[in-house]
Amino acid sequence: MIRCDDFIKFVKELYNKEEVFLHEPVFAGREKEYLADCIDSTFVSSVGAYVDRFETEVARCTGSKYAIATVNGTAALHVSLLIAGVRREDEVITQPVTFVATCNAIKYCGSEPIFVDVDRETFGMSPESLLTFLRKNAVLKNGSVYNKATGKRIRACLPVHVFGHPCRIDEIVDICSNYGIVVVEDSAEALGSFFKNKHAGTFGKLGVLSFNGNKIITTGGGGAILTDDESLAQRARHLTKTAKVPHPYEYFHDEVGFNYRMPNINAALGLAQLEQLDKFLKIKRELAKKYEGFFYTMEGIKFAKEPKVARSNYWLNAVFFKSEQEKIEFLETTNRYKVHTRPVWTLMYKLPMYESCFRVETPESEEIERKVVNLPSGVVL
Ligand SMILES: *Cc1c(COP(=O)(O)O)cnc(C)c1O
């Protein structure tokens, strides 16, 4: 039996609120001060000191050599895939359990997502499923890997650190490097998450963060590209700034670029948020402990703990139900009483634009879709 009333009471008391959303932002630092300063400076748009400061701080706290701030995480994914060499008609390996932006960014490059399964423990790409797929389907032609089933070139692999839980990224990088496939990490949800003491998003050639309003820190809308490679960092900077060749007054663009640079005013908000990251992480990990304790004694629900050898930011807490029916009852009751819980995203290959994409058997993804619910996870003040 799922005791929904106990849960509803527990959450409302925890947040001391009558309505609890899934992930509300918290502004408890120098946000207003930095925003006022930014407005006073008149540099609110694509140039300004806050962007540089924000990028420096993002690089510092992730241990990435370079961080390039963008208008959102989707734009960061798009540019990362382009500079990873993804071209029209290529394929990019990803996972069905993710937010739609992962696949959309692949499509923006004119390429196709293809799907391997995830791990139940991490929600991220399963190295076993990836390796099985490559052993069965990958063929080498003129130094490139092709998918035997579709005849298309497999250019990149885009694993996702779901709900802030790091996936088994070291194994994924190893496998891909044996096949000459570039790894780009969708670490949009994983700022503050570490795998074997290294920050999520710093294992692949490139990694991506999001600072959307529902993420662990927010810039309103925003994202970042992480890389240790100087030439990729330069490419990313160039492409996100309309490919304008630097000059005191002349406008010359040497290719089709994008207006993807993060505005200074968003960076001002972000800098104030970033100063609170350690505090947010501490509070979120304490919240996860409380949920874990709450569900420990509850028959039929299992709390999703951080994977082994990982330190998760617990962006969204998640639980497994025994059956789909119990999951639905829980979703209905909690939402009716204004405790906002939600199911996992619909699997990507069930969306009309991705239903014809190539995929292997994905029983774990199906199981997660059937049984997992996300719980309110915003920072409790
Ligand atoms: C939030 C998110 C994105 C996209 O970020 P935006 O800033 O909203 O564009 C991409 N991938 C995943 C997994 C996300 O959760």
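By the count of the working numbering, the sequence shown reaches residue 381 at its end, each step adding exactly one. Even for Gly, the Cβ is constructed at its ideal location relative to N, Cα and C. Here the structure is a predicted model, which is why all the values come from computation and not from measurement.
Any non-hydrogen atom of ligand 1 within 7 Å of residue i CB
i    : result
A69  : no
N212 : yes
F99  : yes
K215 : yes
T242 : no
A310 : no
V393 : Past the edges of the chain, shown from 1 to 381, lies residue 393, and the structure says nothing about it.
N72  : yes
T362 : no
E189 : yes
T150 : no
T102 : yes
G223 : yes
D186 : yes
L77  : yes
Beta-carbon proximity list for residue i, same chain, < 8 Å, skipping 5 on both sides
i    : result
P363 : D117
K338 : E18, E19 and V20
V47  : N264
L277 : C61, L191, G192, I216 and I217
Residue j beta carbon less than 8 Å from that of residue i
i    : j    : result
F54  : L271 : yes
V208 : A233 : no
A236 : V79  : yes
E91  : I114 : yes
N72  : N264 : no
V162 : G204 : no
I8   : T334 : yes
N374 : N317 : yes
T62  : G201 : yes
K241 : G220 : no
P166 : D186 : no
L239 : I175 : no
K371 : F320 : yes
Y260 : A59  : no
P307 : T122 : yes
L269 : E31  : yes
L134 : Y66  : no
T70  : G222 : yes
L82  : I106 : no
L77  : T94  : no
A267 : V51  : yes
One or two residues paired with residue i in a DSSP bridge
i    : result
A76  : According to DSSP, A76 bridges with nothing at all.
T94  : F115
M353 : Its beta-bridge partners do not exist; DSSP assigns none.
H199 : F194
N137 : BP columns for N137 are empty, so no partner.
K302 : F320
V26  : The partner list for V26 (beta bridge, DSSP) is empty, contrary to what the question assumes.
D447 : The question about residue 447 has no answer, for the chain in this structure spans 1 to 381.
S144 : K141
Y66  : T227
P343 : V373
Close Cβ partners of residue i (< 7 Å) along its chain, the five nearest in sequence each way excluded
i    : result
R457 : Outside the shown range of the chain (1 to 381) lies residue 457, about which nothing can therefore be said.
Y349 : P96, F115, E355, C357 and R359
K305 : E292
E13  : none
Chain D contact for residue i (CB, 8 Å cutoff)
i   : result
N16 : Absent from the structure: chain D. Only one protein chain is present.
Neighbourhood of residue i by C-beta distance below 6 Å, restricted to the same chain and skipping five residues each side
i    : result
R153 : D90, S144 and Y146
V309 : K196
V449 : What is shown of the chain runs 1 to 381, which leaves residue 449 out entirely.
G110 : R88
L347 : P96, S365 and E369
S64  : T202 and L226
V139 : Y146 and K148
V245 : F252 and D254
Determine contact between the stretch 283 to 295 and the stretch 362 to 381, defined as no fewer than three beta-carbon pairs at a distance below 8 Å.
yes
Would the stretch 92 to 100 and the stretch 112 to 128 be scored as touching if the rule is three or more Cβ pairs under 8 Å?
yes
Across the stretch 20 to 31 and the stretch 170 to 183, are there enough close Cβ pairs to call them in contact, namely three or more that are closer than 8 Å?
no
Touch test, the stretch 337 to 356 against the stretch 291 to 308, Cβ-Cβ under 8 Å, three pairs minimum:
no
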